[in-house]
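Chains D and L, in that order, give the protein sequences. Its first residue numbered 1, the first sequence is counted upward by one per residue in the numbering used here. Its first residue numbered 266, the second sequence is counted upward by one per residue in the numbering used here. To keep things clear, I will list the structure first and then write my remarks on it.
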Amino acid sequence: MSEADRREQVLRVALPVAVLALGVVAWELTVRLMEIPPYILPGPGLVLATLVADWPVLADSLLVTLATTFEGLILAVVGGIGLAVLFTRSRFLEYSLYPYAVILQVTPIVAIAPLLLIYLPQPAAVLACAWIVAFFPVLANTTLGLNSADHNLVSLFELYGASRWQILRHLRLPAALPYMLGGIRIAGGLALIGAVVAEIAAGTAGAGSGLAYRIVESGYRLNIPRLFAALILLSVTGIVIFFALSLLSHLVLRRWHESALTREV
Amino acid sequence: MSARSNSPSSSQPLVALRGVGRSFTNGVTALEDFDLDIRPGEFLSLLGPSGCGKSTALRVISGLSAPSRGTVQWADGLGAKAHGIGFVFQEPTLMPWATVFGNVHLPLRLAGVERRAAAPRVMEALAGVGLADAATAYPRELSGGMKMRVSIARALVTEARLLLMDEPFAALDEITRFRLNDDLLDLWQGLGKTVVFVTHSVFESVYLSTRIVVMTPRPGRVFNELAIEAPTRRDERFRTSAEYIGTCRLVSDALARAMTAPAGAAAAIPARQGGAP
Numbered sequence: 001m002s003e004a005d006r007r008e009q010v011l012r013v014a015l016p017v018a019v020l021a022l023g024v025v026a027w028e029l030t031v032r033l034m035e036i037p038p039y040i041l042p043g044p045g046l047v048l049a050t051l052v053a054d055w056p057v058l059a060d061s062l063l064v065t066l067a068t069t070f071e072g073l074i075l076a077v078v079g080g081i082g083l084a085v086l087f088t089r090s091r092f093l094e095y096s097l098y099p100y101a102v103i104l105q106v107t108p109i110v111a112i113a114p115l116l117l118i119y120l121p122q123p124a125a126v127l128a129c130a131w132i133v134a135f136f137p138v139l140a141n142t143t144l145g146l147n148s149a150d151h152n153l154v155s156l157f158e159l160y161g162a163s164r165w166q167i168l169r170h171l172r173l174p175a176a177l178p179y180m181l182g183g184i185r186i187a188g189g190l191a192l193i194g195a196v197v198a199e200i201a202a203g204t205a206g207a208g209s210g211l212a213y214r215i216v217e218s219g220y221r222l223n224i225p226r227l228f229a230a231l232i233l234l235s236v237t238g239i240v241i242f243f244a245l246s247l248l249s250h251l252v253l254r255r256w257h258e259s260a261l262t263r264e265v
Numbered sequence: 266m267s268a269r270s271n272s273p274s275s276s277q278p279l280v281a282l283r284g285v286g287r288s289f290t291n292g293v294t295a296l297e298d299f300d301l302d303i304r305p306g307e308f309l310s311l312l313g314p315s316g317c318g319k320s321t322a323l324r325v326i327s328g329l330s331a332p333s334r335g336t337v338q339w340a341d342g343l344g345a346k347a348h349g350i351g352f353v354f355q356e357p358t359l360m361p362w363a364t365v366f367g368n369v370h371l372p373l374r375l376a377g378v379e380r381r382a383a384a385p386r387v388m389e390a391l392a393g394v395g396l397a398d399a400a401t402a403y404p405r406e407l408s409g410g411m412k413m414r415v416s417i418a419r420a421l422v423t424e425a426r427l428l429l430m431d432e433p434f435a436a437l438d439e440i441t442r443f444r445l446n447d448d449l450l451d452l453w454q455g456l457g458k459t460v461v462f463v464t465h466s467v468f469e470s471v472y473l474s475t476r477i478v479v480m481t482p483r484p485g486r487v488f489n490e491l492a493i494e495a496p497t498r499r500d501e502r503f504r505t506s507a508e509y510i511g512t513c514r515l516v517s518d519a520l521a522r523a524m525t526a527p528a529g530a531a532a533a534i535p536a537r538q539g540g541a542p
C-alpha cells in the first residue's frame with residue numbers, strides 16, 4: 001500500500017471522528033454557555049451519565065427491541081427467499097401474489113401498525129410490522145437474482161439433464177446470492193425501523209417494552225436525558241446491524257464476486 | 266476411449282439432419298431446409314456470416330432447441346439426451362462461485378457422481394487441457410484462454426462422443442487462439458471425438474477441419490461443402506503452406522458466393538474439393 005493510500009485510509013476514519021468530537025464539544029459548550037435546562041436540551045455529559053445510570057432499564061428495552069428486530073429479519077429472509085423461489089416455480093403464484101407484496105410495501109407501516117395492534121397481541125403485532133417492512137427488499141432482490149442466472153449456463157444444465165431442483169440448487173440460488181445479500185442488508189435496517197414504529201404505535205408500558213417505548217415515555221415525563229440515551233442506543237444498534245450484515249456479505253462473496261474484490265490498479 | 270481408426274465407416278452418419286427448419290416466435294427463420302450429416306470421428310466446421318443460423322444449428326443438434334420442421338436422426342435411433350454431448354459456448358460460461366474443479370465436475374455432479382468418485386475423471390480432463398494445477402482456482406483468477414480451457418475440460422469430462430463448439434475462440438487474442446487450435450486438434454485426435462465447430466473465420470476452419478460446410482445468410486442453408494484432405498497432424502508450418510493458403514482462398518470464394526446467393530441456391534462447384542495430394 002502506498003503512502004498516499006495509507007493517508008487516505010487514516011483520513012476516512014479520522015475525519016468523521018473529528019466531526020463527532022467537534023459536534024459534542026459544540027453541544028456541551030452551547031448547553032453550558034446558554035444555560036439551557038436539561039429538560040430542554042441535556043449536555044452530552046449528562047446523556048452519558050444517564051445512559052450508565054439507567055442502564056438496567058435501557059438494557060432490558062434494548063434486548064426487547066433487538067429480539068423483535070432479529071426475529072423480524074429472520075422471518076423476512078426466510079419468507080422473502082421462500083416466496084421468491086415459489087415465484088420462479090409458478091408464474092400463476094407470482095401473478096397472484098406479487099401485487100399484494102408491493103401494496104404491503106408501499107403502504108406506510110405507521111398507518112398499518114395501529115390496525116395490526118387491534119387484531120394481534122402486542123408482541124405479534126410488533127413482529128409483524130418488522131417483518132412487513134423487511135421482507136420486500138429480500139423478495140424483490142432474490143427474484144431479480146434468481147432470474148439473472150447466465151442463460152447459457154441454464155442451457156448447459158438442461159443439456160446435462162438437470163432437474164428443476166438441481167438448476168435451482170446449483171445454479172439459480174448461487175447466482176442470486178449477491179442480490180439476496182444486498183436485499184438482506186437493506187432489510188436489516190428496515191426491520192429495526194419496523195420494530196420501532198410498531199413499539200411507538202403500541203405505546204404500552206411495562207416490563208416487556210422496547211427502546212422506542214422508552215423514548216415515548218421519556219418524552220411524556222420530560223426525562224430528556226434518558227430520551228437521548230435511548231436514541232443513541234437505537235442509532236448504535238442500526239449501525240451494528242448494518243456493519244454485521246456487510247461483513248456477512250463480504251465473507252460469503254469474497255472468493256468470487258466482483259463486489260467483494262479489491263481492485264488492483 | 267476409441268482411437269480414430271476404430272470409427273465406423275463414414276457412410277453411416279452419427280447424426281443426420283434432414284430438411285431442418287427453425288423459426289422463432291418473433292418471426293425470424295434462422296434455419297431453412299437444412300441438411301447435414303455428421304460423420305463419426307470427423308472435425309466438421311460450420312462456416313458462415315453472423316446470424317446465418319450456425320448457433321441455431323448447434324442447438325438443434327444438441328437437442329436444446331427442437332426443430333420447427335424436419336428431423337434430427339441419431340445413428341442408433343436414440344435422442345441427443347441419451348448420448349451426452351459436450352458443448353462449448355462462445356463465452357467460457359463458468360460458474361463464478363465454483364472452483365475450476367467444481368466447474369468441470371458439474372456434468373458428472375448433475376449425473377449423480379459425487380465429488381470423490383468424480384475426482385479422477387475431473388483431474389484427467391483438466392490435465393488434458395493443461396490445467397491440472399489450477400483445480401482450486403476460481404474463474405476470476407484465470408485468463409481468457411485458461412477459462413476457455415476449463416470450458417473445454419468440462420465438455421470432455423463426460424466422455425461424450427460428440428463435441429459441439431460455438432465460436433469458442435472468437436473472443437481470444439490470436440496467440441492464445443492458435444495455441445488452443447493446436448491443443449484442440451491434439452485432443453480431438455487423442456480422444457477420437459466427433460467435433461462440430463461453428464466459426465466465422467475461414468482461416469480457423471481450414472486449419473482445424475476435415476470438412477467445412479459453408480452456410481448461406483439467414484435463413485441458413487448448406488451452400489457448399491469442402492473436404493480438407495491435408496493430413497490432420499497440423500502445425501505452424503501448415504499455416505504458411507501453399508496448400509493451406511490455396512484452400513483458404515477456395516473457402517473464401519465459396520463464402521463470398523454464399524453471401525450473394527439467391528435463396529435456395531446450391532453451389533455449382535464440386536462438393537469434394539481438397540488441396541494437392
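Ideal Cβ positions, reconstructed from N, Cα and C, are used throughout, including at glycine.
Go through its chain and collect everything with a Cβ distance to W27/D's Cβ below 7 Å, but skip five positions before and after it.
-> As a first step, residue 27/D must be located in the first sequence, where it is residue number 27. Within the same chain, W27/D has close Cβ partners G43 and P44.
Range of the contiguous alpha helix (DSSP H) that encloses F87/D | By 1-based counting over the first sequence, the position of residue 87/D is 87. Here the alpha helix (DSSP H) through F87/D covers W55 to R89.
Residues of its chain near R334/L, where Cβ-Cβ distance is below 6 Å and the 5 sequence neighbours each way are ignored = The residue labelled residue 334/L in the question sits at position 69 within the second sequence. Closer than 6 Å at Cβ, skipping near neighbours: G286.
Cβ-based burial, S310/L [other Cβ within 10 Å; buried from 16] = Translated into the one-based positions of the second sequence, residue 310/L becomes position 45. The residue in question, S310/L, is buried, as its Cβ has 16 or more Cβ neighbours within 10 Å.
Return the residue from the list G313/L, S470/L, G351/L and D500/L that minimises the CA-CA distance to R324/L.
-> If you number the second sequence from 1, residue 324/L lands on position 59. Checking every option, the nearest Cα to that of R324/L belongs to G351/L.
For the stretch 295-348 of chain L, which segments carrying the alpha helix (DSSP H) assignment without a break, of at least 4 residues, lie completely within its bounds, in sequence order?
-> Under the rule that a run must span 4 or more residues, the alpha helix (DSSP H) segments found entirely inside the stretch 295-348 of chain L read 319-327 and 345-348.
For K346/L, decide whether its Cβ has a neighbour in chain D, counting only Cβ atoms nearer than 8 Å.
-> Taking the first residue of the second sequence as 1, we reach residue 346/L at position 81. Judged by the 8 Å Cβ criterion, K346/L is in contact with chain D.
Using 8 Å as the limit for Cβ to Cβ distance, is P372/L near chain D?
-> Here residue 372/L refers to the residue found at position 107 of the second sequence. Chain D contact via Cβ: present.
Identify every residue that forms a DSSP beta bridge with D431/L.
-> Here residue 431/L corresponds to residue number 166 of the second sequence, with the count starting at 1. Bridge partners of D431/L: V463/L.
What did DSSP end up calling E501/L once you bin it into helix, strand or coil?
-> Your numbering for residue 501/L matches position 236 in the second sequence. Taken through DSSP and simplified to helix, strand or coil, E501/L comes out as helix.
State yes or no: is the beta carbon of R12/D nearer than 8 Å to at least one beta carbon in chain L?
-> Position 12 of the first sequence holds residue 12/D. Output row for R12/D: interface = no.
Assigned exposure category for A533/L - 16 Cβ within 10 Å defines buried | The residue labelled residue 533/L in the question sits at position 268 within the second sequence. Interpretation of A533/L is limited by its pLDDT of 45, a score under 50 that renders its predicted location unreliable; the figure taken from the coordinates is listed afterwards. Exposed, since its Cβ has fewer than 16 Cβ neighbours within 10 Å.
Run through the stretch 108-174 of chain D for me and flag every whole alpha helix (DSSP H) of 4 or more residues, listed as ranges in chain order.
-> Counting whole runs of 4 or more residues, the stretch 108-174 of chain D contains the alpha helix (DSSP H) stretches 109-119, 122-146, 151-159 and 164-167.
Which residues share a DSSP beta bridge with G182/D?
-> The residue labelled residue 182/D in the question sits at position 182 within the first sequence. G182/D pairs with nothing; no bridge assigned.
Where do the ends of the beta strand (DSSP E) carrying E379/L lie?
-> One-based indexing of the second sequence puts residue 379/L at position 114. No beta strand (DSSP E) holds E379/L; DSSP gives it neither H nor E.
Between the C-alpha atoms of I200/D and L117/D, what's the straight-line distance to the nearest angstrom?
-> As a position in the first sequence, residue 200/D is number 200, starting the count at 1. As a position in the first sequence, residue 117/D is number 117, starting the count at 1. Approximately 11 Å between the Cα atoms of the pair.
In terms of residue numbering, what span does the alpha helix (DSSP H) encompassing V394/L cover?
-> By 1-based counting over the second sequence, the position of residue 394/L is 129. Premise fails: V394/L is in no alpha helix (DSSP H) and is neither H nor E.
Exposure of N291/L, with buried meaning 16 or more beta-carbon neighbours within 10 Å = For the purposes of this step, residue 291/L is taken as the residue at position 26 of the second sequence. The residue in question, N291/L, is exposed, as its Cβ has fewer than 16 Cβ neighbours within 10 Å.
Cβ shell of S249/D (< 7 Å), same chain only, five flanking positions each side left out | Here residue 249/D refers to the residue found at position 249 of the first sequence. So the list reads L181 and R185, once near-sequence residues are dropped.
Can you name the residues that DSSP bridges to A281/L?
-> Locating residue 281/L in the second sequence gives position 16, counting from the first residue. Residue pairing by DSSP places A281/L opposite D302/L and Q338/L in a beta bridge.
Would you report the Cα separation of F92/D and A84/D, rounded to the nearest angstrom?
-> In the first sequence, residue 92/D corresponds to position 92, counting from 1. In the first sequence, residue 84/D corresponds to position 84, counting from 1. The alpha-carbon separation between F92/D and A84/D amounts to approximately 13 Å.
Does Y403/L have its Cβ less than 8 Å from a Cβ in chain D?
-> Counting from 1 along the second sequence, the entry for residue 403/L is found at position 138. Taking Cβ atoms only, chain D reaches closer than 8 Å to Y403/L, which makes this a yes.
Would W165/D count as contacting chain L if we go by Cβ distances under 8 Å?
-> Translated into positions along the first sequence, residue 165/D becomes position 165. No, W165/D lies away from the interface with chain L (no Cβ there is under 8 Å from its Cβ).
Does DSSP put N223/D in a helix, a strand or coil?
-> One-based indexing of the first sequence puts residue 223/D at position 223. Correct three-state label for N223/D: coil.
Touching by the beta-carbon criterion (3+ pairs, under 8 Å), the stretch 428-435 of chain L and the stretch 462-472 of chain L = Touching, per the Cβ criterion.
Spatial distance of G79/D from A67/D (CA atoms) = Here the question's residue 79/D lines up with position 79 in the first sequence. Here the question's residue 67/D lines up with position 67 in the first sequence. Rounded to whole angstroms, G79/D to A67/D spans 18 Å at the Cα level.
What first and last residue would you give for the alpha helix (DSSP H) that runs through G511/L?
-> Locating residue 511/L in the second sequence gives position 246, counting from the first residue. Where G511/L is concerned, the enclosing alpha helix (DSSP H) stretches over A507 to T525.
What in chain L is Cβ-close to N152/D, meaning under 7 Å?
-> As a position in the first sequence, residue 152/D is number 152, starting the count at 1. Neighbours of N152/D on chain L, chain order: F354, E356 and T358.
Own chain residues within Cβ distance below 8 Å of A125/D, not counting five before or after = Within the first sequence, residue 125/D is the residue found at index 125, counting from 1. Correct list, in chain order: A113, L116, L117, Y119, A198 and A202.
If we count the other Cβ atoms within 10 Å of its Cβ and call it buried at 16 or more, is W131/D buried or exposed?
-> Start at 1 with the first residue of the first sequence, and residue 131/D comes out as number 131. Buried is the call here.
Using the Cα positions of R426/L and L139/D, report the straight-line distance between them to the nearest angstrom.
-> Numbered from 1 along the second sequence, position 161 holds the residue referred to as residue 426/L. Numbered from 1 along the first sequence, position 139 holds the residue referred to as residue 139/D. Near 43 Å, if we compare the C-alpha coordinates of L139/D and R426/L.
Contact check, L211/D vs T65/D under 8 Å by CB: the rounded distance?
-> Sequence index remark: in the first sequence, residue 211/D carries index 211 (1-based). Sequence index remark: in the first sequence, residue 65/D carries index 65 (1-based). L211/D to T65/D, Cβ: 4 Å. Contact.
Residues in its own chain within less than 7 Å of P16/D by CB, not counting five upstream and five downstream?
-> Position 16 of the first sequence, counted from the first residue, corresponds to residue 16/D. Cβ within range, chain order: n/a, list empty.
Listed from N- to C-terminal order along the chain, which residues in the stretch 315-329 of chain L have their beta-carbon within a distance smaller than 9 Å of any beta-carbon of chain D?
-> R324, S327, G328 and L329
Mind checking whether G72/D and A134/D have CB atoms under 8 Å apart?
-> As a first step, residue 72/D is located in the first sequence; it is residue number 72 there, counting from the start. As a first step, residue 134/D is located in the first sequence; it is residue number 134 there, counting from the start. In this structure, G72/D places its C-beta atom within 8 Å of the C-beta atom of A134/D.
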